Amino acid sequence: MSRMMLKTLREAPAEAELPSHKLLLRAGLVVPVAAGIYSYTPLGWRVHRKIEEIIRQEMDRSGAQEVHLPALQPREP
């Protein structure tokens, strides 16, 4: 972790309106790549995987089953 290059922001960009959006950008967990499109930074992806792991452990402990629902796009005519 100490070797990771991490860029954080002192202030949230003006276009960030939601508190969660501001925090993600300021913490350096996501970066904008195009209008309305964001990408995880290496640290952001690591946090994402850790949260998934915690949720999966809790679901397993309670006997729940994991279901993956891919995003479906309508077929163009």
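Going by numbering that gives the first Met the number 0, 3 is the number at position 4 of the sequence shown; the sequence numbering is gapless.
Beta carbons: idealized from backbone N, C-alpha and C, even for Gly.
Since the structure is predicted, the reported quantities are computational estimates derived from the model, not experimental observations.
- Message: Closest to LYS21 by C-alpha separation, out of LYS49, THR7, ALA70 and MET58, would be which residue?
- Response: For LYS21, the nearest C-alpha among the options comes from THR7.
- Message: Measuring alpha carbon to alpha carbon, tell me which residue in LEU42, LYS49, ALA15 and ALA26 is nearest ALA34.
- Response: Just measuring C-alpha positions, the residue of LEU42, LYS49, ALA15 and ALA26 sitting nearest ALA34 is ALA15.
- Item | Simplified DSSP assignment, three categories, for LEU46 | Note on identity: in this sequence residue 46 is Val, with Leu being the wrong assignment. VAL46 falls in the helix class under three-state DSSP.
- Message: If we require 4 or more residues per run, which alpha helix (DSSP H) segments fall completely within the stretch 13 to 40?
- Response: For the stretch 13 to 40, whole alpha helix (DSSP H) runs of length 4 or above, ordered along the chain, are 18 to 25.
- Item | Cβ-based neighbour list, VAL46, same chain, cut-off 8 Å, excluding 5 preceding and 5 following | Around VAL46: LEU28.
- If you compare alpha carbons, which of ASP59, VAL32, LEU23 and LEU68 is closest to LEU42? In terms of CA proximity to LEU42, LEU23 leads the group ASP59, VAL32, LEU23 and LEU68.
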